[in-house]
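So the structure is just underneath, and the comments pick up after that.
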Amino acid sequence: MTEHTEQLSMLIVRDRVLELPDPPAVGYTLRGYQPGDEKAWVALLEYGDFPEWSVERFDSYVQGPERREGSHTVLKDGSIVAASFASVQPDAENMGRLDFVVSHPDHRGNGLGRVVCTAVMKHLAGRGYGSTVLFTDDWRLPAIGL
Numbered sequence: 001m002t003e004h005t006e007q008l009s010m011l012i013v014r015d016r017v018l019e020l021p022d023p024p025a026v027g028y029t030l031r032g033y034q035p036g037d038e039k040a041w042v043a044l045l046e047y048g049d050f051p052e053w054s055v056e057r058f059d060s061y062v063q064g065p066e067r068r069e070g071s072h073t074v075l076k077d078g079s080i081v082a083a084s085f086a087s088v089q090p091d092a093e094n095m096g097r098l099d100f101v102v103s104h105p106d107h108r109g110n111g112l113g114r115v116v117c118t119a120v121m122k123h124l125a126g127r128g129y130g131s132t133v134l135f136t137d138d139w140r141l142p143a144i145g146l
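Per my numbering: the sequence shown ends with 146, consecutive numbering throughout.
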């Protein structure tokens with residue numbers, strides 16, 4: 001049995017999201033989720049310390065509200081190096097959620113987590129969500145810095 005600890009939550013409101021810049025770092029490309037991303041995204045999730053993922057779980061998960069249209073990736077030379085799912089917070093009214101923000105270790109420190117988070121948040125704001133939340137563990141320092 002694994003021990004469950006309360007996660008930290010960070011919230012941003014729609015008006016603030018719309019003010020955020022969104023260009024990726026030089027040499028990187030931002031785009032939305034596309035069918036065929038599954039294997040590379042699952043491998044990236046493993047780098048983010050989420051080893052329980054499989055292509056089957058990914059295929060099921062991406063069916064959730066907002067995930068297909070709102071999830072984003074950052075690519076370098078055609079390979080996915082950062083990603084985040086868009087989701088809906090089920091226990092809150094009019095709230096989106098960032099899920100599983102990950103980046104490849106070789107590309108960390110380039111602001112790519114912020115780039116994918118901004119893209120997801122702008123998608124959710126454009127769909128009318130009043131705020132977006134990110135839940136994370138207290139040991140995930142890069143996520144806390146977003």
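Backbone N, C-alpha and C fix where the C-beta goes; we use that ideal spot for every residue, glycine too.
Source: prediction; values computed, not measured.
In angstroms, rounded to a whole number, what distance separates the CA positions of D59 and G27? 29 Å
Does DSSP put W139 in a helix, in a strand, or in coil? At W139 the pLDDT is 42, less than 50, meaning the model places this residue with poor confidence; the figure from the coordinates comes in the next sentence. Note: W139 maps to coil in three-state DSSP.
Could you tell me which of D91, G128 and M121 sits nearest to L20, measuring between CA atoms? M121
I need the straight-line Cα distance from V42 to D15, nearest angstrom please. 32 Å
Give me the Cα-Cα distance between S131 and D77, rounded to the nearest whole angstrom. 33 Å
Classify E93 as buried or exposed, calling it buried when 16 or more other Cβ atoms lie within 10 Å of its own Cβ. exposed
May I ask you to list the residues that DSSP assigns as paired with M95? S131
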